[in-house]
Amino acid sequence: MRGRAAKAAGGLFREGCALRVGVEVGGTFTDLVAIEPGGVRVTKVPSVPRNPDVGAFNALEAARLDFSQIEDLAHGSTVATNAVLERRGGRIAFVTTRGFRDILAIQRHNRTRIYDLEYQKPRPVVARSDSFEVDERIASDGSVVTALDRAAVVGDLVPRLKAGEYDAIAICLLNAYANPAHEAALAQILAEEIDGVLVALSSEVSREFREFERASTTTLSAYVQPVIDRYLQSFERRLQDAGFRGRFSVMQSNGGRLPAGGMRRRAVSALLSGPAAGVTGAGRQAARSGFDNLITLDIGGTSTDVCLVTDGKPELTSEFHIEGLPVRSPVLDINTVGAGGGSIVWIDDGGMLRAGPQSAGADPGPACYGRGGTLPTLTDAHLIRGTIRAEAFLGGRMRVDEEAARAAFAPIAEALDMSVEEAAESAIRLADSNIVRAIQLISTERGKDPRDYVLVPFGGAGPLHAAHVAEDLGIRTIVVPPNAGVISAYGLVASDFVEYDTRTCRMRLDPDAPDALRAIYEDMRGHGEAAFREMGLKPPYRLSFVADMRFVGQAFEIPVELPVGDLDTLTYEEVRRAFTEAHHRIFFHGAGDTKPVEIVAARVGITAPLGELPLLTEDPHTGGNDAAPIRIHDGKQEQEAQAMPRSLLNDRRSVTGPALVDDPTSTIFVPAGWAASADEAGNLILRREER
1 MRGRAAKAAG GLFREGCALR VGVEVGGTFT DLVAIEPGGV RVTKVPSVPR NPDVGAFNAL
61 EAARLDFSQI EDLAHGSTVA TNAVLERRGG RIAFVTTRGF RDILAIQRHN RTRIYDLEYQ
121 KPRPVVARSD SFEVDERIAS DGSVVTALDR AAVVGDLVPR LKAGEYDAIA ICLLNAYANP
181 AHEAALAQIL AEEIDGVLVA LSSEVSREFR EFERASTTTL SAYVQPVIDR YLQSFERRLQ
241 DAGFRGRFSV MQSNGGRLPA GGMRRRAVSA LLSGPAAGVT GAGRQAARSG FDNLITLDIG
301 GTSTDVCLVT DGKPELTSEF HIEGLPVRSP VLDINTVGAG GGSIVWIDDG GMLRAGPQSA
361 GADPGPACYG RGGTLPTLTD AHLIRGTIRA EAFLGGRMRV DEEAARAAFA PIAEALDMSV
421 EEAAESAIRL ADSNIVRAIQ LISTERGKDP RDYVLVPFGG AGPLHAAHVA EDLGIRTIVV
481 PPNAGVISAY GLVASDFVEY DTRTCRMRLD PDAPDALRAI YEDMRGHGEA AFREMGLKPP
541 YRLSFVADMR FVGQAFEIPV ELPVGDLDTL TYEEVRRAFT EAHHRIFFHG AGDTKPVEIV
601 AARVGITAPL GELPLLTEDP HTGGNDAAPI RIHDGKQEQE AQAMPRSLLN DRRSVTGPAL
661 VDDPTSTIFV PAGWAASADE AGNLILRREE R
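Count the sequence shown with full-length UniProt numbering and you get residues 1 to 691, in order.
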């Protein structure tokens with residue numbers, strides 16, 4: 001039984017066997033992966049965009065799981081992201097030092113669109129009328145200049161906050177990154193005076209300098225905190241009513257997860273958490289085949305997400321933007337473009353063909369779904385050109401209508417004086433070009449050659465586009481995991497528990513700096529380990545230490561990883577060498593430079609690793625045993641090809657393109673010039689033939 005998947009429908013797993021379950025809510029489908037020692041169960045159901053928890057429970061019910069047997073349930077959703085994008089977060093107040101009330105409105109003086117005469121700065125999530133000031137001042141060195149006046153807070157600020165009936169309060173006091181005492185005292189006063197208030201402190205959310213970025217991050221955390229809190233409470237209540245008694249955790253943007261209680265404290269880390277699980281799952285599965293330099297390619301129903309994984313570690317970035325607003329928090333460095341299966345194909349005012357970023361989503365979905373959608377999408381395009389087969393879509397569990405797809409593409413074809421097949425092919429190649437550009441932004445433009453990496457596609461449409469994207473980038477190897485359409489759900493249960501703490505600590509790099517770094521590391525490690533114990537996460541822990549550094553006079557810094565095990569003997573020369581090598585790798589200059597260097601911030605990562613990595617497999621007998629001749633359109637011409645279930649390749653067989661390989665959750669397109677075969681880890685390896 002081991003290594004064979006449980007059937008996707010009908011029957012429970014064996015009683016008494018502990019289940020590990022991941023449920024990921026996407027823009028079009030909600031995916032579930034349930035793993036026990038003897039099998040894997042996969043379920044896909046349509047998402048419910050307005051009520052994502054309904055879609056999640058629909059997946060749990062469709063899988064017919066015994067809730068009492070689930071020991072580990074990991075969840076990922078776009079609840080926090082959608083709250084910001086749709087401006088449906090909580091009603092919040094912003095409290096800062098007197099004289100800085102308008103920091104959220106002033107922002108930075110840079111413009112993201114310099115030639116737009118009607119450019120408007122991003123709108124903050126808190127209005128000016130909901131921004132308040134307190135009398136206090138801490139200097140940049142952490143010394144107290146003006147003490148916080150408790151009487152003034154109780155007599156003036158508290159009544160105004162009560163009158164506002166706010167869901168949460170964001171506190172960002174000047175220089176609180178250097179000394180958080182006033183923020184902590186203010187939070188204590190508000191907790192005593194206002195019942196049940198949710199408070200986000202900048203010294204806990206983002207303890208870094210740069211006041212606007214810190215204030216923006218704190219207000220966004222406060223803005224989504226009530227939404228996350230209500231969502232998790234509702235979810236946990238439904239789980240308990242169903243008999244669940246296991247551990248419930250939530251995915252973060254940094255590629256790790258936290259118990260639900262810890263996520264309430266770090267709500268900002270739920271932003272952009274959806275794509276992170278897929279990167280983790282893809283990395284775990286590819287590592288089984290010996291690959292640790294990867295470019296992950298996640299194409300779902302709404303968007304395409306790409307990420308670089310070097311030496312088994314996904315690239316992290318310390319800042320990202322959502323709706324133009326900066327968030328200073330470690331997240332996976334994922335680049336996203338609007339090129340998903342539901343992306344709408346259209347013609348712009350100049351007569352040029354476009355694909356996305358608008359999406360048909362889950363409701364009404366692509367025209368071929370038959371749910372009322374009439375606009376052409378990339379899924380419709382694949383159905384027209386034959387790279388999606390109607391009878392094999394989602395393993396034959398969902399019906400799609402090719403005639404509806406053709407009707408949707410007819411106006412596009414007429415406008416461009418093409419056949420419907422040529423229009424569909426053009427739309428797919430356009431999407432491929434957008435994806436290639438997204439990958440170049442995270443690889444070529446950062447000094448990394450994509451030819452040194454393998455491409456790992458997943459999501460429902462990732463394996464359909466992978467080969468042509470790889471050709472354009474010069475990549476010769478593609479690794480397609482089993483059950484590629486639900487890798488994000490697998491990544492939830494395959495991810496470790498992770499938290500990062502970043503602290504500004506500006507100092508010159510001199511012979512005394514290593515001693516100061518050691519002291520900072522020990523202090524931050526102590527706080528992180530205490531927080532993990534409070535969340536019920538037991539040691540042993542794995543730790544990482546990164547210093548953000550720059551040449552004196554530079555405006556922005558680069559991350560330099562320092563060896564935790566060698567910190568006691570780390571020297572000034574070793575730290576400087578690590579910085580100059582990292583600087584040269586990114587900017588191609590700086591090696592051997594004698595200019596003074598400064599340390600700006602320190603970041604400690606703490607990980608509670610999984611005791612045992614769950615094994616992802618698929619049923620070797622799913623989908624039949626025969627290959628069938630088909631015809632597809634590729635390269636503006638019709639070609640003879642063969643279609644087969646993925647199970648045929650599990651017996652060490654190989655296939656040369658053109659071919660379609662169907663698994664229950666996705667379709668792998670093997671063009672001419674490529675060959676595919678399965679390996680011992682269950683991955684499908686595509687290699688470009690030598691020419």
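Glycine residues also receive a C-beta, built at the ideal position from the N, C-alpha and C atoms.
### Message
If we require 4 or more residues per run, which alpha helix (DSSP H) segments fall completely within the stretch 102-152?
### Response
Inside the stretch 102-152, DSSP marks whole alpha helix (DSSP H) runs of 4 or more residues at positions 103-106, from first to last along the chain.
### Message
Using 8 Å for Cβ pairs, my map puts residue 603 next to residue 546. What's the rounded Cβ distance?
### Response
Contact between residue 603 and residue 546 holds, with the beta-carbon distance rounding to 4 Å and staying under 8 Å.
### Message
What does the Cβ neighbour count give for residue 685, buried or exposed, with the cut at 16 atoms within 10 Å?
### Response
With a 10 Å radius around the Cβ and a threshold of 16 neighbouring Cβ atoms, residue 685 comes out buried.
### Query
Is residue 594 helix, strand or coil by DSSP?
In the structure shown, residue 594 sits in coil (DSSP, three-state: anything other than H, G, I, E or B).
### Query
Could you give the C-beta distance for residue 521 and residue 567, rounded to a whole number, given that I count them as a contact under 8 Å?
With 8 Å as the limit, residue 521 and residue 567 qualify as a contact, their Cβ atoms being about 6 Å apart.
#### Entry: Nonlocal neighbours in the same chain, by C-beta distance under 7 Å from residue 255, ignoring five residues either side
Apart from the 5 residues on each side of it in sequence, residue 255 sits with its Cβ closer than 7 Å to the Cβ of 276, 279, 280, 314, 332, 495, 498 in its chain, given in chain order.
### Query
By the 10 Å Cβ neighbour count, where 16 or more other Cβ atoms means buried, how is residue 58 classified, buried or exposed?
That one is buried.
### Query
Closest by CA to residue 245, which one among 361, 143, 68?
Its Cα nearest to that of residue 245, the residue 68 stands out among 361, 143, 68.
### Message
Among the candidates 381, 253, 347, whose CA atom is the shortest distance from the CA of residue 318?
### Response
Of the residues 381, 253, 347, the one whose Cα lies closest to the Cα of residue 318 is 253.
### Query
In or out: residue 119 buried (at least 16 other Cβ within 10 Å) or exposed?
That one is exposed.
### Query
So which of 339, 330, 493, 121 has the shortest CA-CA distance to residue 299?
Comparing alpha-carbon positions, the option among 339, 330, 493, 121 lying closest to residue 299 turns out to be 339.
### Query
In three-state DSSP terms, what is residue 165?
Shown here, residue 165 sits in coil according to DSSP, grouped into three states, outside any helix or strand.
### Query
For residue 518, which option in 570, 674, 189, 454 has the closest C-alpha, if you only look at C-alpha atoms?
Taking each of 570, 674, 189, 454 in turn and checking the Cα distance to residue 518, the smallest one comes out for 570.
### Message
Quick check: the stretch 175-185 against the stretch 218-236, are at least 3 beta-carbon pairs closer than 8 Å?
### Response
No, the stretch 218-236 is not in contact with the stretch 175-185.
### Message
By the three-class DSSP mapping on this structure, what secondary structure does residue 653 have?
### Response
It is coil, neither helix nor strand.
#### Entry: Neighbourhood of residue 639 by C-beta, 8 Å cutoff - its chain only, sequence neighbours within 5 removed
Cβ neighbours of residue 639 within its own chain (closer than 8 Å, five residues either side excluded): 631, 632, 633, 658, 672.
#### Entry: Inter-residue spacing [alpha-carbon to alpha-carbon] between residue 365 and residue 47
Each residue's Cα considered, the two are about 11 Å apart.
### Message
Which of the three DSSP states is assigned to residue 216 in this structure?
### Response
Of the three classes helix, strand and coil, the one that applies to residue 216 here is helix, per DSSP.
### Message
Less than 8 Å between the C-beta atoms of residue 428 and residue 389, yes or no?
### Response
No, Cβ-Cβ distance for residue 428 and residue 389 is not below 8 Å.
### Message
So residue 345 and residue 316 are supposed to be a Cβ contact under 8 Å. How far apart are they, rounded?
### Response
Beta-carbon to beta-carbon, residue 345 and residue 316 are separated by about 34 Å, too far to satisfy the 8 Å threshold.
### Task
Would you list the residues sitting across from residue 336 in a DSSP beta bridge?
The partner list for residue 336 (beta bridge, DSSP) reads 305.
#### Entry: From 426, 334, 142, residue whose alpha carbon lies closest to that of residue 352
Out of 426, 334, 142, the CA that lies nearest to the CA of residue 352 is found in 426.
### Task
At 4 residues or longer, and completely inside the stretch 438-486: list those alpha helix (DSSP H) runs for me, N to C.
Entirely contained in the stretch 438-486, the alpha helix (DSSP H) runs reaching 4 residues are, in chain order, 462-473.
### Nearest to residue 102 (by Cα), restricted to the options 326, 576, 336, 132
Nearest Cα to residue 102 within the set 326, 576, 336, 132: 132.
### Message
Within the continuous alpha helix (DSSP H) that includes residue 343, where are the two ends?
### Response
Segment 343-347 is the beta strand (DSSP E) holding residue 343; no alpha helix (DSSP H) there.
### Task
Give the single residue among 422, 29, 551, 412 whose Cα lies nearest to the Cα of residue 54.
Of the candidates 422, 29, 551, 412, 29 places its Cα closest to the Cα of residue 54.
### Message
What would DSSP say about residue 330, mapped onto helix, strand or coil?
### Response
The answer is strand: DSSP assigns residue 330 an E or B state.
### Query
By Cβ distance, which residues of its chain are closer than 8 Å to residue 139, with the 5 residues on each side in sequence left out?
Hits under 8 Å: 145, 175, 178.
### Task
For residue 234, count neighbouring Cβ atoms within 10 angstroms of its own Cβ and tell me buried if that reaches 16, exposed if not.
When all chains shown are included, residue 234 counts as exposed.
### Query
Which first and last residues belong to the beta strand (DSSP E) in which residue 357 is found?
Counted as a single uninterrupted DSSP element, the beta strand (DSSP E) harbouring residue 357 occupies residues 353-359.
### Per DSSP, the bridge partner or partners of residue 29
Residue 29 pairs with 46.
### Query
Residues in its own chain within less than 7 Å of residue 150 by CB, not counting five upstream and five downstream?
If we look at residue 150 and ignore the five residues flanking it on each side, its Cβ neighbours are 189.
#### Entry: residue 690 versus residue 382: straight-line alpha-carbon distance, rounded
Cα to Cα, residue 690 sits roughly 27 Å from residue 382.
### Message
So if DSSP puts residue 607 in a beta bridge, which residue, or which two residues, is it bridged to?
### Response
Bridge partners of residue 607: 498, 542.
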